[in-house]
Every structure is written in structure tokens, then in C-alpha cells.
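**Q**
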Amino acid sequence: MSILIKNIKSLAGIDDSGRNKVIGKDMGIFACINNAFLILEDDKIASFGRMEDLENGIPITIGRSNATVIDAADKFVLPSFCDSHTHLVYASSREQEFVDRINGLTYQQVAERGGGILNSAKKINEASEEELVLSAWKRLDEIMMLGTGALEIKSGYGLNTEGELKMLRVIKRLKDNHPLTIKSTFLGAHAIPAEYKSNKEGYISLIIDEMMPRIAEEKLADYCDVFCENGYFTKEETKKILEAGIRHGLIPKVHAEQLSHSGGIQTGVECNAISVDHLEYCSDTDISVLKNSETMPTILPGAQFFLQLPCPPVRKMIDAGLPVAIASDYNPGSSPSGNMMQMISLSCIQYKMTPEEAFNAATLNSAFAMDLSRTHGSIAIGKKANVFITKEIPSLAYLPYSFGSSLIETVIVNGEVKTSIEALP
Ligand code: NIG
Ligand code: FE
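Sequential numbering of the sequence shown, starting at 514, is according to this note's numbering.
Now the structure itself:
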């Protein structure tokens, strides 16, 4: 099956250099070809270039005879978004906490009253695997139609062995059946369950000695994550859990410096984490630590905006020569949206990222944070045919500028045009 997209006003996000991320001032360039074509063969990008070259017959080798032809005049084509941090498997929404916070409670106060993560954990443990697959499937369809092509999903609302395994089995079923590319993260260390309130050591032992071996045996996760935060897991505990994860083949990630400066970045870098995420309280020292590492600093503008936290120092990071990734943190408590275009708008508006920087952050750099940049995150020959076509727009900057508008017209995943929801497996 092949698709020819022709007369594209601008084909953006081209990067066939083979680099796995974009750093520092290079983030300001999101390479484009104006008046372009793009050819997709099966599930891969086969060719692209200027329309005049197509007309001159240069990509003649491509079997275009029975291709679907899409005319994208006045429209942009971009690589699909990569969303490297979500908690998209959950049993129930939490809008009451949203209202409680409007009425003056903080996120921490809501959590102390048994709301927050523990509220989601209670609901997960009451839900069946089938129910969780069904509700998560709908969210996957929703974000697919919003331009996401690959994502990571975390456990962390089970907080006991069966609950965590149930979540990870749900994620595995989504991974095996949904057209989106999915990576899975074990986040048993998301909060301390009520029954271990005065025995955190006991819960950490449960994570390391009981949960991890079973997760490794069933090959249920790619990554291990810890919420390194005051009232959750200290940096020493974070290190202990991540190191145990490494012994079970799980690559580290960290929820770091979200509500206070807790040492999560330093710990993540010491453990060679693939990413450290949130970063509202990232310090100048943390920026230097990140500079000497391969760890991807990942910002979650949805949660920062929704909880009205301080802005992470994104300009300082980029100006210091760091890469930055953007993810949605889609979850019922702190970011009930998986809309990556919205995350890009928030990043431009709040952190003064240029549109080009934000698109690089939400594509190739977020692919890096899931070890997917060889196959996803840019327009390059041989990469996955995951792209979207916009409505008629005047410029790239128009996309984040028109915040809240729905400007994605056609979504292509694995070389197939998606017009409606996916059939359940
Ligand atoms: O990434 N920070 C910790 N975890 C989630 C929130 C989860 C929740 O409130 O349910 C986050 O923001
Ligand atoms: Fe999170």
C-alpha cells in the first residue's frame, strides 16, 4: 500500500541526519521543504522532496501506480508527535479534586485527604482488566486523532503487586493491539499506599523483591520510574529502586523536581536515566549536571499549567546547550489532556520556546526519551509512516498561536489514513 501526498505547502520536521536528538540552539531549526511531496510505502516513509522533482520523475522507482493520492495544497505535513510520559491507563476521572483546588486546596492537601494518586489506586484495584483496556483504548484513539504516533504509558495506580501487574498487562494488551507505538513503564514507586504509611521500607521491599521479579519474568515493562518528591520517595530511595530496576533490565526514568527540589535530576543522571521529567524546580547546578549526561530533560506543561506550578527554566536549559523534550503527562489528577498540540502552545506561551523548539521537543526529542528516535520523530526515509496533515494554515507558528483550535485534518499511522476509531481487539 502506498500513499502520495502532493502539493504540500510545507513538509516540516525533516531530519534524516540520523541524529537521535536535537540540542541547544539547533532546536531552533525545524527543517522544512516548501511545495513538497511525501511518499509512504507500507508502514515506512519511502521518499520526499520538492514537487518539481516529483514532476521531473525523479522518485520513479516508487510503485506509485496504485497509490492513494492526497492533495495537501495550502496544508502542512509534520511527523506525528511522540508523547514520552503518560499515565493513560486509569479507572476514573478526578474532577472533584479539580473543584477542591479551585476552592483553595493544594495538590498536596488533596493527596493528604486520600485524594490524588491514592484515589486513582483505589479505583484501579476495583476495575477489571477488560474495563481498563476499553477506557484506555478510547483515550489512545483520541490522542491518535490529535496527532500522536507513539507514546509511553506508566503503571503506578496499582500500588500493590496484583494492581501493578494488572496495569502492566493492560498496557501490554494495548501495545500488542493498538496501531500506536507504545512503551511501558513500571511506576510502583508512585506513592506510598495507606497500609504502608508507617512502613515505607516495607513497601520499597515489596517493589524490589516481589513486583520487579514478576514484571521481569513476564517482560511487562521497558522502564522503571520513581516519583522522587517530598512526601513520596527520597533521592536515596529513588536510587535504590532504580538500581534494582536496572538489575531486572528496566531502564530508569524519574519524576523529578515537580513540587520541590528533591534531588531527582541528580539521582536520575547518576543512574543513567533515559529521561528526567517535570523539572519545575530544576536548579542551575542541575542544568550543569544534565549537560554532562545523556539524560533527556522532559517538561510536562500540562501538569505545570493545570496545577499552576512555577515554570521550569526551559530557556536556560536550551541556552545552556541542552536538549528538551515535551510530553503530555496525560493523567486524571494533574494533566487530564493528552493533546500534544496544546502542550506545544503552552510551552511557547509560558516558557518562551519558539515554535520550532517546541516541535523538535515534541517529536525527535520525545522519541529519544522512549528510545524511539531511530524509527520515529522526524521525516526521514525508512522511518515509520506516522505523519499528520494540517488544515489550510499560513505558517508553522500558526499552529501553537491558534491555541485550542483543532487544526489537524488527516492522521496517518503505520502508513494508513485514520478516519475513525480503531476496532477493539
Ligand atoms: O506526573 N507527579 C506525580 N504523578 C503524576 C500525577 C498523578 C496523579 O495525580 O494522579 C504526574 O503529575
Ligand atoms: Fe507523571
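Ideal placement from N, C-alpha and C gives every residue a C-beta, glycine not left out.
1) Just list the residues that DSSP pairs M809 with in beta bridges.
2) When DSSP builds the beta bridges, which residues end up paired with Y736?
3) Cβ of H600 versus every heavy atom of ligand 2: is any distance shorter than 8 Å?
4) Just mark T798 as buried or exposed, buried being the case when its beta carbon has 16 or more other beta carbons within 10 Å.
5) Return the chain-ordered list of same chain residues with a C-beta closer than 6 Å to the C-beta of I857, the five sequence neighbours on each side being excluded.
6) For F611, is the beta carbon positioned less than 8 Å from some heavy atom of ligand 1?
7) Is the beta carbon of A816 within less than 8 Å of some heavy atom of ligand 3?
8) Would you mind sorting S788 into buried or exposed? The rule is 16 or more other CB atoms within 10 Å of its CB.
9) Any heavy atom of ligand 1 within a distance shorter than 8 Å of the CB on I630?
10) Per DSSP, N844 forms a beta bridge with which residues?
11) Tell me R563's beta-bridge partners as DSSP assigns them.
12) Which residue marks the beginning of the beta strand (DSSP E) containing V900, and which one marks its end?
13) What residues match up with P592 in a beta bridge as DSSP calls it?
14) Which of helix, strand or coil does DSSP assign to L631?
15) Using a threshold of 8 Å, is the CB atom of Q771 nearer than that to any non-hydrogen atom of ligand 1?
16) Excluding five sequence neighbours on each side, which residues of the same chain lie with their C-beta closer than 7 Å to the C-beta of S947?
17) Work out the CA separation of V767 and C737 for me, nearest whole Å.
18) CA-CA distance, S523 and I546?
19) Specify the secondary structure class of F746 as computed by DSSP and reduced to three states.
20) Does R607 pass the burial test, meaning 16 or more other C-beta atoms within 10 Å, or should it be called exposed?
21) Between which two residues does the beta strand (DSSP E) containing K931 stretch?
22) If distances are taken between C-alpha atoms only, which option among D584, T674, I717 and E610 comes closest to V623?
23) Just to confirm before moving on: does the CB-CB distance between L653 and E935 stay below 9 Å?
24) Using the rule of at least 16 other Cβ atoms within 10 Å of the residue's Cβ for burial, across every protein chain shown, is T698 buried or exposed?
25) Is S775 closer than 9 Å to C824 when the C-beta atoms are compared?
26) Reducing DSSP to helix, strand and coil, say where C861 ends up.
27) Beta carbon of P845: closer than 8 Å to some heavy atom of ligand 1?
28) For K651, which residues does DSSP report across the bridge?
29) For T581, which residues does DSSP report across the bridge?
30) Please report how far the alpha carbon of Q771 lies from the alpha carbon of K931, in whole angstroms.
31) Looking at C-alpha atoms only, which residue of A604, I921, F916 and P907 is the closest neighbour of F901?
32) I think E665 touches M883, with their Cβ atoms under 8 Å apart; what is that distance to the nearest whole Å?
33) Excluding the 5 residues flanking D613 on each side, which residues of the same chain have their C-beta closer than 6 Å to its C-beta?
34) Buried or exposed for P907, going by 16 or more other Cβ atoms inside 10 Å?
35) How close, in whole Å, do the beta carbons of L763 and K804 come, if the pair is a contact with beta carbons under 8 Å?
36) For D528, is the classification buried or exposed, using 16 other Cβ atoms within 10 angstroms of its Cβ as the cut-off for buried?
**A** In terms of the structure at hand:
1) Locating residue 809 in the sequence shown gives position 296, where the first residue counts as 1. DSSP, once it has assigned bridges, lists S788 as partnering M809.
2) If you number the sequence shown from 1, residue 736 lands on position 223. In the DSSP output, where bridge partners are listed per residue, Y736 has T698 and I764.
3) As a working mapping, residue 600 is identified with position 87 in the sequence shown. The answer is yes for H600.
4) Numbered from 1 along the sequence shown, position 285 holds the residue referred to as residue 798. Looking at its Cβ environment, which holds fewer than 16 other Cβ atoms inside 10 Å, T798 is exposed.
5) Numbered from 1 along the sequence shown, position 344 holds the residue referred to as residue 857. The residues are A871, A875 and P913.
6) As a first step, residue 611 must be located in the sequence shown, where it is residue number 98. No, ligand 1 has no heavy atom inside 8 Å of this Cβ.
7) Among the ligands present in this structure, namely ligand 1 and ligand 2, ligand 3 is not found.
8) The residue labelled residue 788 in the question sits at position 275 within the sequence shown. Label assigned to S788: buried.
9) By 1-based counting over the sequence shown, the position of residue 630 is 117. Yes, since a heavy atom of ligand 1 falls inside the 8 Å radius drawn around the Cβ of I630.
10) Against the sequence shown, residue 844 aligns to sequence position 331. Answer by DSSP bridge pairing, in chain order: S848.
11) Within the sequence shown, numbered from 1, the residue matching residue 563 stands at position 50. Paired residues: A549.
12) Along the sequence shown, read from residue 1 onward, the residue named residue 900 stands at position 387. Run containing V900: V900 to E905, per the beta strand (DSSP E) assignment.
13) Here residue 592 refers to the residue found at position 79 when the sequence shown is read from its first residue. According to DSSP, which records beta bridges pairwise, P592 is partnered with V900.
14) Working through the sequence shown from its first residue, we reach residue 631 at position 118. Of the three classes helix, strand and coil, the one that applies to L631 here is helix, per DSSP.
15) The count along the sequence shown starts at 1 and reaches residue 771 at position 258. Yes, the beta carbon of Q771 sits closer than 8 Å to at least one heavy atom of ligand 1.
16) Not covered by the structure: residue 947. The range shown for the chain is 514 to 938.
17) Within the sequence shown, residue 737 is the residue found at index 224, counting from 1. Within the sequence shown, residue 767 is the residue found at index 254, counting from 1. Taking the straight line from one Cα to the other gives about 8 Å.
18) Against the sequence shown, residue 523 aligns to sequence position 10. Against the sequence shown, residue 546 aligns to sequence position 33. One C-alpha to the other measures close to 6 Å.
19) Here residue 746 refers to the residue found at position 233 when the sequence shown is read from its first residue. F746 falls in the strand class under three-state DSSP.
20) As a first step, residue 607 must be located in the sequence shown, where it is residue number 94. Classification for R607: buried.
21) In the sequence shown, counting from the first residue as 1, residue 931 sits at position 418. Run containing K931: E929 to K931, per the beta strand (DSSP E) assignment.
22) Along the sequence shown, one-based indexing puts residue 623 at 110. Of the listed residues, the one whose Cα sits closest to V623 is E610.
23) For the purposes of this step, residue 653 is taken as residue 140 along the sequence shown, with counting starting at 1. For the purposes of this step, residue 935 is taken as residue 422 along the sequence shown, with counting starting at 1. In this structure, E935 lies closer than 9 Å to L653 by Cβ.
24) Here residue 698 refers to the residue found at position 185 when the sequence shown is read from its first residue. Counting Cβ neighbours within 10 Å, T698 comes out buried, since at least 16 surround it.
25) As a working mapping, residue 824 is identified with position 311 in the sequence shown. As a working mapping, residue 775 is identified with position 262 in the sequence shown. Going by C-beta atoms, C824 is not nearer than 9 Å to S775.
26) Taking the sequence shown and counting its residues from 1, the one referred to as residue 861 is at position 348. C861 falls in the helix class under three-state DSSP.
27) Position 332 of the sequence shown, counted from the first residue, corresponds to residue 845. Answer for P845: yes, Cβ within range of ligand 1.
28) If you number the sequence shown from 1, residue 651 lands on position 138. DSSP output for K651 lists no bridge partner at all.
29) Here residue 581 refers to the residue found at position 68 when the sequence shown is read from its first residue. Partner(s): I516.
30) For the purposes of this step, residue 771 is taken as the residue at position 258 of the sequence shown. For the purposes of this step, residue 931 is taken as the residue at position 418 of the sequence shown. Between Q771 and K931, the C-alpha separation is close to 36 Å.
31) Residue mapping note: residue 901 aligns to position 388 of the sequence shown, counting from 1. Of the listed residues, the one whose Cα sits closest to F901 is I921.
32) Taking the sequence shown and counting its residues from 1, one reaches residue 665 at position 152. Taking the sequence shown and counting its residues from 1, one reaches residue 883 at position 370. At roughly 5 Å, the Cβ-Cβ gap stays under 8 Å, so E665 and M883 are in contact.
33) Translated into the one-based positions of the sequence shown, residue 613 becomes position 100. Excluding residues within five positions, the ones whose Cβ falls inside 6 Å are V623.
34) For the purposes of this step, residue 907 is taken as residue 394 along the sequence shown, with counting starting at 1. Flag for P907 reads exposed.
35) Within the sequence shown, numbered from 1, the residue matching residue 763 stands at position 250. Within the sequence shown, numbered from 1, the residue matching residue 804 stands at position 291. L763 to K804, Cβ: 26 Å. No contact.
36) As a first step, residue 528 must be located in the sequence shown, where it is residue number 15. Answer is buried; the Cβ neighbour count reaches 16.
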